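Taken in sequence, the protein lines are chains A and B.
Following this note's numbering, the numbering of the first sequence begins with 1 at its first residue and continues without gaps.
Following this note's numbering, the numbering of the second sequence begins with 164 at its first residue and continues without gaps.
Beta carbons: idealized from backbone N, C-alpha and C, even for Gly.
As the structure is a prediction and not an experimental result, all values here were calculated from the model.
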Amino acid sequence: MATEKKKVTEVLKDKFPEKVKDVSFPLGDETIVIEADALLEICRFLMKDPFALTMLLDLTCVDYIGEEMRFEMVYHLFSITNNNRLRIKIRLPEKDPAIASLTPLWKNANWLEREVYDMFGIHFTGHPYLKRLFMYDGFEGHPLRKDYPLRKRQPMIPMRRKE
Amino acid sequence: MTYRIQQEARKESLMVNMGPSHPAMHGTIRIMLELDGERVLNAELEVGYLHRGFEKICEHKTYFNLLPYTDRLNYVSPLINNLGYVMTLEKLLGIEAPERAQYIRVIMSELSRVSDHLTALAAMTMECGAFTVFLYMIQAREEIWNVIEQTTGARMTTSFIRIGGVRADLHPNMDPLLDKAIDSTRKLMKDCHGLLDKNKIWINRTRNVAVISKEDAINYGFTGPCLRATGVYYDVRKAHPYCVYDQLEFEVPLGDNGDNYDRYIVRMREIEQSLRIIEQARKKIPRSTSPSQLMAEGIEPAEAIKASRDKKVEAKIQLSPNLEGSEKEVYPDILSERKQYIVPPKEDTYTNIEGLINHFKFFMKGHGIRPPKGDVYFSVEGGSGEVGYYIVSDGTDKPYRLHLRGPCFHIVAALEEMILGHYIADIIPTFGSMNMIGGELDR
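Shown next as structure tokens:
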């Protein structure tokens, strides 16, 4: 397993030398940091054999408030055949954060990206239906951003009228 | 913003709302349906009715304090959620629970898995009209919950699995109750198999309904019984063994069609495997090193506190029943030796100064458990799939970010597609077979 594990990141480094910014193994979790514009290309490459990272385990975002590249997208991919996980990280700027949508590759990216859009206000270009997932229409702000207060109240929304 | 289903609506079709408050919607979830007679032409799900801001709350709680919140995610198998969170944190801290605690964790999470599967199947079968099966399964679940209650002190919101170990040792009188629970679960399962497996109505309602292919299931991020029903061999307990699962023998049941019937039969077989694991773990569990299992001997706690004002109390202290099983002597069996990560024994806290300082250091704001900077992902096999936690630590006593990978989030996302072209009546067993849990889905 150990030799194979190194391979994924090494191959990526060789194949996309300008796009892969960093490779690390914190606590045994294989992690790569890449450029935002290379996401779709790299994911397409990883989905195929021999890596076969065919499952999008998880997709989320972390808000590092105060930093210039404020948002960090975190993707967890998993390969059933090789039984290994890969974490991909991408930094996004504070102003108009946007990234390519993964919906052409994975179907569950649809809901996962809607959730991140809802909670962090990240825009996913190419998403077919970018609508809030947990919050309602008319909700203001993005609750999981660090500058959204814990106990903030929102005004009641008016009853929907029949059209 | 109008809904997708409204934008795509055909002229002569009928729009129907199913839920949010509907008896078959297990919790609150809204399915908007576009119908042609009884056929589903298009569907859209609206979730979030149970959103409580779990992740936001966790960012404002200390690592120890947020543990009870994890109970409320998947509320039919809270112990597995506890375990997932605790083991993620243990990976970050680099600590390991003692062997006995690991066996207790395995026993408890398997009991939870059985109760989770029983609840899912009971609801699914009842909605198809098999009320007898529902009652049988709920009876079996009741027996399982009695065992859980005896040891953890609670039936649903247990918060039993703690950082570095577990809250208490197994109850000294657990054996007869567990025997009874396993026996009656087996017996009731046999009856349920007899009632359903070859039942024509049941087969007609579930066979070839809501079929999902292997490729689609993987593409949707399915895990757990729903993925295994399509024939993909993936179980976190086998793929990335945690606790002592690598020392126990069990099989991973697989389906082949990926329809509702397969999801039912895979769950039924998994219950049997879980019971098998419990039986093995009971035999293999290392003996407790504590001299007495019951703590009736010793001096009264009030006397001990009074005496401690003059000098250090050496005598054994009798504990109140609500601390049953967590007296100082069993600590080495059930909790890690790393003092900074565990709640100190109450006898020490109340009777000597070192214990009191330990207690303060653990609970005071800004002290407590402070993992090193970094991020970590860890997952365990939950009732309906891989329960994963992603924690980002900034070195303080509160998580900078905590994200839950809820298994049913990915599974329910596929519902829109799975019910297309089926009848309204097929939505109910399909939805039941997914085991949607609002707490975990909406967080």
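*Evaluate the contact criterion for the stretch 540 to 547 of chain B versus the stretch 520 to 532 of chain B: three or more CB pairs, one atom per stretch, below 8 Å.*
no
*asked:* Could you check whether B:Ala264 and B:Ile497 sit closer than 8 Å to each other, using their CB atoms as the reference points?
replied: yes
*Residues in its own chain within less than 8 Å of A:Thr3 by CB, not counting five upstream and five downstream?*
Low confidence applies here, because A:Thr3 scores a pLDDT of 48, under 50, leaving its location unreliable; read the following figure in that light. None.
*Does any CB atom of chain B fall closer than 8 Å to the CB of A:Phe134?*
yes
*Please name the residue in A:Tyr136, A:Lys146, A:Trp106 whose C-alpha comes closest to that of B:Cys221.*
A:Lys146
*Express the C-alpha separation of B:Tyr513 and B:Arg472 in angstroms, rounding to a whole number.*
10 Å
*Where do the N-terminal and C-terminal ends of the alpha helix (DSSP H) with A:Val20 fall, by residue?*
That residue, A:Val20, is in no alpha helix (DSSP H); its beta strand (DSSP E) goes 20 to 24.
_Among B:Gly327, B:Glu579, B:Lys524, B:Ala478, the one whose alpha carbon lies nearest that of B:Tyr248_ = B:Gly327
*asked:* What would DSSP say about A:Leu59, mapped onto helix, strand or coil?
replied: strand
*Taking 8 Å as the threshold, find out whether the stretch 383 to 396 of chain B comes into contact with the stretch 230 to 243 of chain B through three or more Cβ pairs.*
Verdict: no, contact absent.
*Between B:Gly182 and chain A, is there a C-beta pair that is closer than 8 Å?*
No - not a single Cβ of chain A is within 8 Å of the one on B:Gly182.
*Contact set for A:Gly141: own chain, Cβ-Cβ below 6 Å, skip 5 residues either direction*: By the criterion of a C-beta distance shorter than 6 Å, A:Gly141 is surrounded in its chain by Tyr148, once the five residues flanking it on both sides are discounted.
*How would you write the range of the beta strand (DSSP E) that A:Phe124 sits in, first residue to last?*
123 to 125
*Using a C-beta cutoff of 8 Å, does A:Met69 count as contacting chain B?*
no
_Own chain residues within Cβ distance below 8 Å of B:Ser347, not counting five before or after_ = Gln302, Ala303, Glu306
*Sorted by chain position, which residues of the same chain lie with C-beta nearer than 7 Å to A:Leu53's C-beta, five sequence neighbours on each side aside?*
Leu46, Met47, Leu77, Phe78, Ser79, Leu86
*When burial is assigned at 16 or more other CB atoms within 10 Å of the CB, is B:His141 buried or exposed?*
As displayed, chain B neither begins before 164 nor continues past 606, which places residue 141 of chain B out of reach and without an answer.
*Rounded Cβ spacing between B:Leu281 and B:Met300 (contact assumed at less than 8 Å)*: 5 Å
*In the DSSP assignment, find the alpha helix (DSSP H) that holds B:Ile267 and state where it starts and stops.*
262 to 290
*Can you name, in chain order, every residue of its own chain whose Cβ lies under 7 Å from the Cβ of B:His585, other than the five neighbours on each side?*
Apart from the 5 residues on each side of it in sequence, B:His585 sits with its Cβ closer than 7 Å to the Cβ of Val203, Val372, Ala373 in its chain, given in chain order.
*Beta-carbon proximity list for A:Arg44, same chain, < 7 Å, skipping 5 on both sides*: Leu105
*B:Leu213 and B:Thr191: beta carbons closer than 8 Å?*
yes
*Contact check, A:Leu133 vs A:Glu115 under 8 Å by CB: the rounded distance?*
Contact check for A:Leu133 and A:Glu115: beta-carbon distance about 5 Å, within the 8 Å limit, so the pair qualifies.
_Do A:Phe124 and A:Ile99 have their beta-carbon atoms positioned less than 8 Å apart in this structure?_
Closer than 8 Å, so yes.
*Tell me whether B:Met597 sits in a helix, a strand or coil according to DSSP, three-state version.*
helix
_Once the 5 residues before and after B:Asn309 are set aside, which same chain residues still bring their CB inside 8 Å of it?_
Taking C-beta separations shorter than 8 Å and ignoring five residues to either side along the sequence, the partners of B:Asn309 in its chain run Leu340, Ala344, following chain order.
*Rounded to the nearest angstrom, how far is the Cβ of B:Thr314 from that of B:Pro570, given a contact under 8 Å?*
Wrong, their Cβ atoms sit about 25 Å apart, outside the cutoff.
*Find the residues of chain A that neighbour B:Lys219, judging by a C-beta separation of less than 9 Å, and give them in chain order.*
In chain order: Met119, Pro143, Leu144, Tyr148, Leu150.
_Just to make sure I have the definition right: I need the residues of chain B whose C-beta is within less than 7 Å of the C-beta of A:Asp29. Which are they?_
Val539, Tyr540
*asked:* I want to verify the contact list: residues of chain B whose CB lies under 7 Å from the CB of A:His76, in sequence order.
replied: Ordered by position in chain B, the residues that pass the 7 Å Cβ test against A:His76 are Tyr540.
*Could you check what DSSP says for A:Phe78 in three-state terms: helix, strand or coil?*
The answer is strand: DSSP assigns A:Phe78 an E or B state.
*For B:Met107: DSSP bridge partner residues*: Any question about residue 107 of chain B goes unanswered here, given that chain B covers just 164 to 606.
*Looking at the structure shown, is A:Leu86 part of a helix, part of a strand, or coil, going by DSSP?*
strand
*Enumerate in chain order the residues of its own chain whose CB-to-CB distance from B:Pro495 is below 8 Å, with the five nearest sequence positions on each side excluded.*
Pro261, Thr452
*asked:* What does DSSP give as the partner residue(s) for B:Ser184 in the beta ladder?
replied: Beta-bridge pairing links B:Ser184 to no other residue.
*Report all residues from its chain with a CB closer than 6 Å to the CB of A:Val250; omit the five preceding and five following residues, and keep chain order.*
Shown here, chain A extends from 1 to 163; a query on residue 250 of chain A therefore has no answer.
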